[in-house]
Amino acid sequence: MHLSLVRLLLGSTSLLPLLVASSDRFEYLIAGSNGYDAPCVSPTSESNNDVFITDDGIEYVRTPEEAFVNLTKYGYPYSPNYATVDGMRMHYVDECTSTTCDDEVILLLHGQPTSSFLYRKMIPILVDRGYRVIAPDWLGFGRSDKPVDLAEHTYLKQVERLKSFLRQVVPGVMLEEKPSLTIFVQDWGSLIGLRTVGDEPDWFRRVVVANGDLPVPPNNFELFPNPNPVNYNCSDSRSLLEMGMERITSSPCGFDRTCFQIWMKFALENPAWMPSEVVIGLATSSKEAAFSMYDVAFPTRQHMAAPRAFPSMIAAVHEPDFGNGVARENLKNFSRPFLSLAGERDRNLGSVATQNGFINNVIGATVHEFEHRRYPTAGHFIQEDVGEELAEYVADFIDGTAHLLEVPSTTAAPTAAPTAVPTAVPTLAPTTSAPTVAPVMLPATKAPVASVDATKAPVDAALVVGGKKTKKVSKTKKTATKPSFFG
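In this note's numbering, the protein residues as written are 355 to 841.
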């Protein structure tokens, strides 16, 4: 099928559908009798895997190294590094050519169902700009070890694993005494990463969100009902594209609970889908040969527990006990530089409303002069679509906000003035000047922020890139709304 039709049928992952009250809440997935083994899942391919067990009893598999031999061919030549997290190897890229690598460290977090391979277009640019770049693979993805139990893949486990990883890879002084981390997050990287920022705001020097969010449902509401027990559905022979077509033709749905649940159910039960199908459907760039590299980490279904389980992790968010509400409040008080970026073709995590949720509420979104950008040609996997452009702008943002992080503790940070965005990229900015806030290197205090009409974005403003005014930008043609694939 022509790729343009695929994109018409596919939208973006919605993590905030309509809420539903329920008493049947769950914290983790429970496999049924056919949750791991089924007639449609070859027992030969599964039993040939070496299954390892941690000291705490976690069973996991490891993808053979030879599976990754072609990554270099597609612009990912990096030697593997490993940290030990929960008794397993967690892989990460760690690159730097500067003599002052620890002064500015960029943490790049991927989502589902990708890996650090997603950042192959950004890493070399950021390294060339003089930063240390760290890009991990979540346990269950890429070169990292892969827990085989669906119950091992929960939202809060991933948050704790990220904290454990950072404590090992980043010296303690850089986390707590002199933070040097700029965190860049997308998709599930944002849900996990922003929760970590909310829990440990003093660890981070800057925050960049690109197609991401931190969901906080109202107290005592369930985002989704319990999908347990989980079993493979051998009668489901549909491809991911066919599932999307059926959602549109048989039971049309938009941004609602039913649509995302269809994706959750498909991810858990379909015995054949692969990660590259998702990237092909949601990326606007046509690099399908490179996209096959997302599949090499999963030679059998036994390796696929994390991609199967990740969409369902959202169902455990139940406030106030879960803690995202507290983390979101802490995130609002984050007064160091905060930047929101979005792909116009991601109708959920890249929506104007999602961006404004940060711009109008996070103190750090208004302490600098950099615009919160929207990229008209980019979709959900924004790193695939405009990776080079993103990397250059993030590097400009880091360099251009360094002076804010050197503000003496007795001096308030300067009031930021709204600025414009690059040519052909629509803008998002507060409608009024930002308030004066506390010094950015001190623990942030809550301050009032400006409100914005979520349906409008200023245009024809003076272009400012990296603090340098160049020319005016004309109004950008609005991208047509497309049906959502995942909900």
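We put the beta carbon where it would ideally sit given N, CA and C, even for glycine. Quantities reported herein were computed from a predicted structural model and do not represent experimental measurements.
Straight-line gap, Leu535 to Val487 (C-alpha atoms, nearest Å): As a working note, residue 535 is residue 181 in the sequence shown. As a working note, residue 487 is residue 133 in the sequence shown. So the two alpha carbons sit approximately 10 Å from each other.
Local Cβ density within 10 Å of Val439, reported as buried at 16 or more and exposed below that: As a first step, residue 439 is located in the sequence shown; it is residue number 85 there, counting from the start. By the C-beta density criterion, Val439 is buried, having at least 16 other C-beta atoms within 10 angstroms.
Cβ-based burial, Lys532 [other Cβ within 10 Å; buried from 16]: By one-based count along the sequence shown, residue 532 stands at place 178. The residue is exposed, with fewer than 16 neighbouring Cβ atoms inside 10 Å.
Boundaries of the alpha helix (DSSP H) in which Arg549 is found, first to last residue: Residue numbering aside, residue 549 sits at position 195 when the sequence shown is read from its first letter. Element bounds for Arg549: Trp542 to Asp553.
Helix, strand or coil at Met628 [DSSP, three-state]: Your numbering for residue 628 matches position 274 in the sequence shown. When DSSP states are grouped into helix, strand and coil, Met628 belongs to the coil group.
Other residues of its chain near Val395: CB distance less than 7 Å, five sequence neighbours each side excluded: Within the sequence shown, the letter at position 41 stands for residue 395. Within the same chain, Val395 has close Cβ partners Tyr586, Pro625 and Arg655.
Alpha-carbon spacing of Tyr747 relative to Glu683, whole angstroms: Position 393 of the sequence shown holds residue 747. Position 329 of the sequence shown holds residue 683. Computed Cα separation, rounded: 27 Å.
Chain-order list of residues whose beta-carbon lies under 6 Å from that of Ser630 (same chain, five-residue window excluded): For the purposes of this step, residue 630 is taken as residue 276 along the sequence shown, with counting starting at 1. The answer, listed in chain order, is Phe645, Ser646, Tyr648 and Asp649.
Beta-carbon proximity check, Val481 vs Leu577, cutoff 8 Å: On the sequence shown, position 127 is the one that residue 481 refers to. On the sequence shown, position 223 is the one that residue 577 refers to. No, the pair does not count as a contact, with Cβ atoms beyond the cut-off.
Spatial neighbours of Ile328 in its chain, beta-carbon cut-off 8 Å, leaving aside the 5 residues before and after: Nothing can be reported for residue 328: it is not among the residues displayed for the chain, which extend from 355 to 841.
Three CB pairs or more closer than 8 Å across the stretch 723-735 and the stretch 587-600: With a cut-off of 8 Å, the stretch 587-600 and the stretch 723-735 do not count as touching, because too few Cβ pairs lie within range.
N-terminal and C-terminal residue of the beta strand (DSSP E) that Thr536 is part of: Position 182 of the sequence shown, counted from the start, is the residue given in the question as residue 536. Unbroken beta strand (DSSP E) run through Thr536: Leu535 to Val539.
Alpha helix (DSSP H) runs contained entirely in the stretch 613-677, provided each spans 4 or more residues: Those alpha helix (DSSP H) runs which fall completely within the stretch 613-677 and span 4+ residues are 629-636, 642-645 and 659-663.
Buried or exposed by the 16-neighbour rule on C-beta atoms within 10 Å, applied to Thr755: For this step, residue 755 is matched to residue 401 along the sequence shown. Thr755 should be labelled buried.
Extent of the continuous beta strand (DSSP E) run through Asp448: Locating residue 448 in the sequence shown gives position 94, counting from the first residue. Its beta strand (DSSP E) spans residues Met442 to Glu449.
Short Cβ contact (8 Å threshold) for Gln540 with Ile713: In the sequence shown, residue 540 corresponds to position 186, counting from 1. In the sequence shown, residue 713 corresponds to position 359, counting from 1. Cβ distance not < 8 Å, so Gln540 and Ile713 don't count as in contact.
Residue closest to Asp556, alpha-carbon to alpha-carbon, out of Pro691, Thr708 and Asn388: Residue 556 sits at position 202 when you count from the first residue of the sequence shown. Among Pro691, Thr708 and Asn388, the Cα nearest to that of Asp556 belongs to Pro691.
Separation of Tyr485 from Trp617, as counted between CA atoms: Counted from its first residue, the sequence shown places residue 617 at position 263. Counted from its first residue, the sequence shown places residue 485 at position 131. Cα atoms of Trp617 and Tyr485: separation of roughly 38 Å, rounded to the nearest angstrom.
Simplified DSSP assignment, three categories, for Ser469: Here residue 469 refers to the residue found at position 115 when the sequence shown is read from its first residue. If DSSP states are grouped into helix, strand and coil, Ser469 belongs with coil.
Buried or exposed by the 16-neighbour rule on C-beta atoms within 10 Å, applied to Pro393: Locating residue 393 in the sequence shown gives position 39, counting from the first residue. Answer is exposed; the Cβ neighbour count stays below 16.
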